[in-house]
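Working notes, structure below.
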Amino acid sequence: MSFVRSMGLGVALGLSACSGMPSDLDGGVDAGFDAGVDAGPPAIKYTRFTKRADGFPANARVKGAAALDNVLYVATDQGLVALPNTNTKWDPVTTPLMSDEKPTSFQRVDQSLVMTSAGASTGGLWVKPYDGAWAKVMNAPPNPAWGLTRKSNEWLLVTTGGLYAATALNGPWARRSAMNATLFATPVTRFVAAPAQQKMFAANEGGALFESADLGATWVASAPRGPVEALAAGGAVVLVATGMDGQQRSDNYGNTFRAATMPLASGVLTYVAQGAQFWAGSNGGLFTSTDTGVTFTEDSDGLPPGTSVRGLFFAQGYVVADTPDGVFINQI
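Structure below.
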């Protein structure tokens, strides 16, 4: 099934057909160009997942992606790289991160790029306006920071040492979680606070699933047992895969979980909620669900057979797949 077709023509993200245009050898197609002398090279449009290894740091894990001013940015655990829409080679991007700090999440907010970072003992929140330089949000906690999520009218910043909340990125930031909460004693690698969700969910690397029903103030163990392997939420639906209970689904905001009726035989490495759809990356490729995670259909268009998809990131029309074989990009 075509990745583009599977998104559905009615999806608010919008789609444009690329048929009838000459394809390049690696999955892109020329977008056409102005006949003027200064038109420059045409933008590359992707019609299937295409590997982009040139300039991408070897063995890097993707932490986030964003597109701004015709450039795709990807944050990795080795730094930040950029791919202009006319290029096939990634360029390194200089950031103010010092010592052992590395990006841990990355996104676009309005016309700014926003990044969290973490090192062994320090970290923070960083913002780069469209026409400005990177600047650290000085009143955000200087702890190692693992993620930033928007929920209703609040920003939630996940750090080692606690969960913080603010109504604006520049603060003021206030601790939301109780002091010495066990969940935040070590890096929190999965955090879900979907706008329509009554509960928040989080887990440490290799840790069990925790949930909060009081906006993140207190956290208790959730029902699915074992280390969390994948987690996503959208609307009333929560999907989680754990090392003990396998693939689980809730259709009542995580109040009760049931085993998936049609689990993916190749397991789940990542779940992603995007609009009305859920995506699952597995050891056997990429899968999509249009029935809120009840069933999944393979949609690995362009990925080599059997590719393990361990991360999937949507960035203003781009889709970035993180695999052990490198990064693949597509467009919707």
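Counting from 1235, one number per residue, gives the positions in the sequence shown under my numbering. Ideal Cβ placement from N, Cα and C applies to all residues, glycine included.
Looking only at C-alpha atoms, which of Arg-1384, Leu-1417, Arg-1409 sits nearest to Ala-1402? Arg-1384
Could you give the distance in angstroms between the alpha-carbon of Asn-1486 and the alpha-carbon of Val-1471? C-alpha separation (whole angstroms): 6 angstroms.
Within 8 angstroms, strictly: CB atoms of Val-1305 and Leu-1317: Taking 8 angstroms as the Cβ cut-off, Val-1305 and Leu-1317 qualify as a contacting pair.
On a Cα-Cα basis, can you pick out the residue from Asp-1325, Ala-1412, Gly-1477 that is closest to Gly-1441? Out of Asp-1325, Ala-1412, Gly-1477, the CA that lies nearest to the CA of Gly-1441 is found in Gly-1477.
Might you give, ordered along the chain, the residues of its own chain that have their beta carbon closer than 7 angstroms to the beta carbon of Arg-1409, omitting 5 neighbours on each side? Gly-1396, Tyr-1398
What's the C-alpha gap between Tyr-1364 and Pro-1421? 30 angstroms
Using DSSP's beta-bridge definition, name the partner residues of Pro-1326. Val-1315
Going by other Cβ atoms of all chains shown within 10 Å of its Cβ, with 16 needed for buried, is Arg-1459 buried or exposed? exposed
Under 8 angstroms, do Asn-1517 and Leu-1537 count as touching if we go by C-beta distance? no
Quick one: what's got a C-beta closer than 8 angstroms to Gln-1550's C-beta in the same chain, skipping five residues either side? Ala-1300, Ala-1301, Leu-1302, Arg-1342
Please check the pair Gly-1181 and Pro-1378, which I expect to be a contact at CB under 8 angstroms, by giving their CB distance rounded to whole angstroms. The structure shown has nothing for residue 1181, since the chain only spans 1235 to 1566.
Since Phe-1290 and Gly-1560 are thought to touch, with beta carbons under 8 angstroms apart, how far apart are those beta carbons, to the nearest angstrom? 6 angstroms
Beta strand (DSSP E) containing Trp-1380: first to last residue? 1379-1385
Take the Cβ of Tyr-1552 as the centre, count every other Cβ of all protein chains shown within 10 Å, and call the residue buried at 16 or more, exposed below. buried
What residues match up with Val-1348 in a beta bridge as DSSP calls it? Gln-1341, Val-1361
Compute the Euclidean distance between the alpha carbons of Glu-1463 and Thr-1423, then round it to the nearest angstrom. 10 angstroms
Three-state secondary structure (DSSP) of Phe-1418: helix
Within this structure, are the beta carbons of Gln-1481 and Ala-1494 separated by less than 8 angstroms? yes
For Asn-1564: DSSP bridge partner residues: Val-1553
Check Glu-1445 in the structure and name its three-state DSSP category. strand
Distance, Phe-1435 Cα to Phe-1425 Cα: 6 angstroms
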